[in-house]
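**Q** So the sequences go chain by chain: A and B.
Each residue of the first sequence is one higher than the one before, starting from 97 at the first, in the working numbering.
Each residue of the second sequence is one higher than the one before, starting from 13 at the first, in the working numbering.
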Amino acid sequence: MSEPVSALMGRVAAGAVTVRDEGLAGMITLRGDLATAKLRTACKHATGLALPAPGKITGNAAKGLAWMSPDELLVLVPHAGAGAVADQMAQTLAGTHHLAANVSDARALISVAGPHAREVLAKVSPVDMHPGSFAAGDFRRSRIGQVAGAFWIDADEVIRVICFRSQADYVFTLLAKSAEDGAVGFLG
Amino acid sequence: MLTLTCPYCGVAADETELQAGGEAHLKRFGPGASDDEFEGYLFVRENPKGVHFERWRHAYGCGKWFLAARCTVTLEVFGTYPAQSKEPPAHIRKAITAKRPGWTWREFA
Ligand SMILES: [Zn+2]
Chain A
97 MSEPVSALMG
107 RVAAGAVTVR
117 DEGLAGMITL
127 RGDLATAKLR
137 TACKHATGLA
147 LPAPGKITGN
157 AAKGLAWMSP
167 DELLVLVPHA
177 GAGAVADQMA
187 QTLAGTHHLA
197 ANVSDARALI
207 SVAGPHAREV
217 LAKVSPVDMH
227 PGSFAAGDFR
237 RSRIGQVAGA
247 FWIDADEVIR
257 VICFRSQADY
267 VFTLLAKSAE
277 DGAVGFLG
Chain B
13 MLTLTCPYCG
23 VAADETELQA
33 GGEAHLKRFG
43 PGASDDEFEG
53 YLFVRENPKG
63 VHFERWRHAY
73 GCGKWFLAAR
83 CTVTLEVFGT
93 YPAQSKEPPA
103 HIRKAITAKR
113 PGWTWREFA
C-alpha cells in the first residue's frame, strides 16, 4: 500500500507570521436538508457537535462542522477514519436525499499564525478581516488570490485555510509571500 | 467595485467573489410559442440607464444563484433576493420607489 501524503509535504514558511502545511486532514462534503433530524444525528455521530449557524464553524480541524451553503456542510475529522465516517453518515442518511463524500485527498489544510496573520489574508482575499467583522467561530468561503478557498480563525488568532489539493502550492506560495512582505499595520 | 449581499449567506460579497448571470426575470417561451416570443426569450434584453434587475451567482461563496436590483448609473444596490422569485418582491420594489420614484422595468413598476 502507498502512504498517503499531503500535497505540500509538510512545508513551512517561518517568519513573523508562519505559514504551515497542516498535513493530512479528513474532510467530508455533506449535502442535504440541514433542517432534518437525520442529518443532525449523522453530524452528531461523526463529530459530537451541533450544527453550525450560517457562516459559522463549530469544533476545530480535528473534529469540526463548517457551514458551506444552505444545503452543505464540511465535516472535519481525522484523515485516517474519514472514509469510514463518510460511509456511516451515508448509512444514517439512507432514504433521504443527500451526499456524503470523502474529499480528504482533494484538499489541503494550511495554517497562518502570527501577529499580523489577519493582514496576510486581507491582502489576498476580499473578506473583511477586521476583528469586529471576522472573529473566532466565523467561517468564510471566498477567493484567495485567483482560486477558491475557505478559512476560519480560532480564539488564538490562528487562521486555517482550506483549498483544493491541486492549488495547494499556489495558495501556500501566495500566503507565504503575503506574510513575508510584512504587516500593513491597519488591522494591528 | 460592486458589493452585493448574498441572500443565502448574508455575506456582503465583493464583485470578485461573484459571477454575473445576465438579466433577471426572463420568461421562458417554449413549444407552441410564436417566433417573436422565442426570439425575445433568447435574444432581446433590456439595456437601461438606471434601475435594472440581474442574476448573480455567489461563485466563490455558497455557490447559489440570486437576483439583484441595482442602478446601472450609480451602482447603487436596492436589494438582493432569492433566485426562485418570479417577480421583484414588494420590499425591493418599495426600496426602489423610495430612491427612484416612477421607475419602470419591463412589466414591473
Ligand atoms: Zn452566498
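Glycine included, each C-beta is placed from N, C-alpha and C at the ideal position.
Only a predicted model underlies this, so the values are computations on that prediction, with no experimental measurement involved.
#1: Just to confirm, does residue 23 of chain B get its C-beta within under 7 Å of one of the non-hydrogen atoms of ligand 1?
#2: Quick check: is the beta carbon of residue 197 of chain A nearer than 8 Å to any beta carbon in chain B?
#3: With a cut-off of 8 Å, does the C-beta of residue 76 of chain B fall near any C-beta of chain A?
#4: Answer with yes or no whether the minimum CB distance from residue 166 of chain A to chain B is below 8 Å.
#5: Roughly how many whole angstroms lie between the Cα atoms of residue 219 of chain A and residue 52 of chain B?
#6: Is it the case that the CB of residue 72 of chain B approaches a heavy atom of ligand 1 more closely than 7 Å?
#7: Using the Cβ count rule (16 or more neighbours within 10 Å means buried), how would you classify residue 173 of chain A?
#8: Within a Cβ cutoff of 6 Å, which residues of the same chain sit near residue 238 of chain A, ignoring the five residues on either side of it in sequence?
#9: Can you name the residues of chain A whose CB is closer than 9 Å to the CB of residue 58 of chain B?
#10: Residue 164 of chain A by DSSP, collapsed to three states: which one?
#11: What residues of chain A sit near residue 21 of chain B, judged by a beta carbon separation below 7 Å?
#12: From residue 101 of chain A to residue 93 of chain B, what does the alpha carbon distance come to, in whole angstroms?
#13: Identify the continuous alpha helix (DSSP H) that holds residue 52 of chain B and give its terminal residues.
#14: Note the first and the last residue of the continuous beta strand (DSSP E) segment covering residue 118 of chain B.
#15: Need the endpoints of the alpha helix (DSSP H) that residue 103 of chain B sits in, please.
**A** The short version:
#1: yes
#2: no
#3: yes
#4: yes
#5: 44 Å
#6: no
#7: buried
#8: 221 and 223
#9: Correct list: empty, because the minimum Cβ distance to chain A is about 28 Å.
#10: strand
#11: 150 and 151
#12: 43 Å
#13: 47-54
#14: Run containing residue 118 of chain B: none; DSSP gives neither H nor E here.
#15: 102-111
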